Amino acid sequence: MIEYSIIVKKKIGESMRARFVFSNVLICLTVLTSVFFGTVIAVDPMQQLQEGNRRFANNTSANTSLSQKEREKLATGQTPFATIVACSDSRVPPEIIFDQGAGDLFIVRLAGNTVDEFALASIEYGISYLRTPLLVVMGHANCGAVKAAFNLKEGEFSPKLTALLKNIEPAVKQAIDQNPGKSQEELVDIAIKLNAQNVLKEITDRVPAVKELKDKGKLSVNTGVFQFETGKVEWQSDEA
1088 MIEYSIIVKK KIGESMRARF VFSNVLICLT VLTSVFFGTV IAVDPMQQLQ EGNRRFANNT
1148 SANTSLSQKE REKLATGQTP FATIVACSDS RVPPEIIFDQ GAGDLFIVRL AGNTVDEFAL
1208 ASIEYGISYL RTPLLVVMGH ANCGAVKAAF NLKEGEFSPK LTALLKNIEP AVKQAIDQNP
1268 GKSQEELVDI AIKLNAQNVL KEITDRVPAV KELKDKGKLS VNTGVFQFET GKVEWQSDEA
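When we follow the numbering used here, the leftmost residue of the sequence shown carries the number 1088, and every step to the right adds one.
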């Protein structure tokens, strides 16, 4: 009986060692495959943004520097995983908010995260030629452009600024019409969310490649609003 017990323990030990060795071999093969042939397991781009934003909000950001080796690699080309449409506001740099490094995000920024012909062309380049699998329109709390669109008066701003703010007016009107009794501050917050959604719809309507790539399952889209108090992006759409 004692001899049998020793044999069983020996077999169990050999089995565990074999499994340990096999696991390490798999890990090594995965690493080697990634190094020599590129990453084979696709990481969900939306998850990458969410995890990066979580690090930023928790003050544990990882992407803080760019080595010479990384700069040299980037000089040969770029493979961003997301196209981000954001506001020009100096307080909301997407790379920092999503804790991503150089070459990770293709970013188009205009005041009020609005889009014009050149912005649309840039977005098309990002999704069609750089083949980013994710398109995000990100607004932010306390957006000055949205606030200005609430009280837009003829002749108050230059023609160019007026034209930009008129692009935001539909979101302002929606917020007011759909939310009677809300305070001005609440209406601004609602308009910021609606504006991001309206911009995404405009992009989808005016850049045929968006719908084509979505229909083929090659592109996901989403909208969100960055909150200064928490450091978090609140996602508004479930389309990603």
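The beta carbon of each residue, even a glycine, is placed where N, CA and C say it ideally should be.
What you are looking at is a predicted structure, and each value in this text was computed from that prediction instead of being measured.
Simplified DSSP state of residue i, which is helix, strand or coil
i     : result
A1173 : strand
G1139 : helix
T1310 : strand
V1320 : strand
K1305 : coil
N1145 : coil
K1269 : coil
L1153 : coil
Q1165 : coil
V1130 : coil
V1294 : coil
V1122 : Because the pLDDT of V1122 is 38, which lies under 50, any placement of that residue in the model is unreliable, and the number read from its coordinates should be weighed accordingly. Residue state, collapsed to three classes: helix.
Residue environment, residue i, which counts as buried when at least 16 other CB atoms sit within 10 Å
i     : result
C1115 : With a pLDDT of 41 at C1115, under the threshold of 50, the predicted position of this residue should be treated as unreliable, and no value is reported.
V1112 : Residue confidence is low: V1112 scores 37 on pLDDT, short of 50, so the model does not pin down where it sits. No coordinate-derived value is stated.
G1139 : buried
P1132 : buried
A1283 : buried
K1253 : exposed
V1179 : buried
A1149 : exposed
A1162 : exposed
N1285 : buried
V1130 : exposed
D1292 : exposed
N1200 : buried
G1226 : buried
T1151 : exposed
T1310 : buried
Cβ distance (whole Å) where residue i is taken to contact residue j below 8 Å
i     : j     : result
L1306 : P1167 : At roughly 13 Å, the Cβ-Cβ gap does not stay under 8 Å, so L1306 and P1167 are not in contact.
A1038 : L1251 : For residue 1038 there is no data in the structure shown, the boundaries of the chain being 1088 and 1327.
A1258 : A1278 : 5 Å
L1192 : I1171 : 5 Å
V1195 : L1287 : About 13 Å; that fails the 8 Å criterion.
F1301 : V1312 : The sequence as given places Lys at residue 1301; Phe does not occur at that position. That belief does not hold up - the Cβ atoms of K1301 and V1312 are roughly 22 Å apart, past 8 Å.
R1323 : K1280 : For the sequence presented, residue 1323 should be read as Gln rather than Arg. Q1323 to K1280, Cβ: 5 Å. Contact.
E1289 : V1202 : 6 Å
I1210 : A1236 : The Cβ separation is near 22 Å, so there is no contact.
G1190 : Q1155 : About 14 Å; that fails the 8 Å criterion.
Any non-hydrogen atom of the ligand NAD closer than 8 Å to residue i Cβ
i     : result
T1249 : With respect to small molecules bound, the structure shown includes none, and the ligand NAD cannot be examined in it.
- Query: With a cut-off of 8 Å, do at least 3 Cβ pairs link the stretch 1227 to 1244 to the stretch 1202 to 1214?
  - Reply: Taking one beta carbon from each stretch, the stretch 1227 to 1244 and the stretch 1202 to 1214 have fewer than 3 pairs nearer than 8 Å; the two do not touch.
- Message: Any contact between the stretch 1179 to 1190 and the stretch 1137 to 1144? By contact I mean 3 or more CB pairs, one from each, below 8 Å.
- Response: yes
- Query: Taking three-plus beta-carbon pairs below 8 Å as touching, is the stretch 1262 to 1271 in contact with the stretch 1246 to 1254?
  - Reply: no
- Should the stretch 1284 to 1301 be called in touch with the stretch 1209 to 1216, which here means at least 3 C-beta pairs below 8 Å? yes
- Task: Enumerate, from N- to C-terminal direction, the unbroken beta strand (DSSP E) stretches of 3 or more residues contained entirely within the stretch 1168 to 1256.
- Result: 1169 to 1173, 1192 to 1196 and 1221 to 1227
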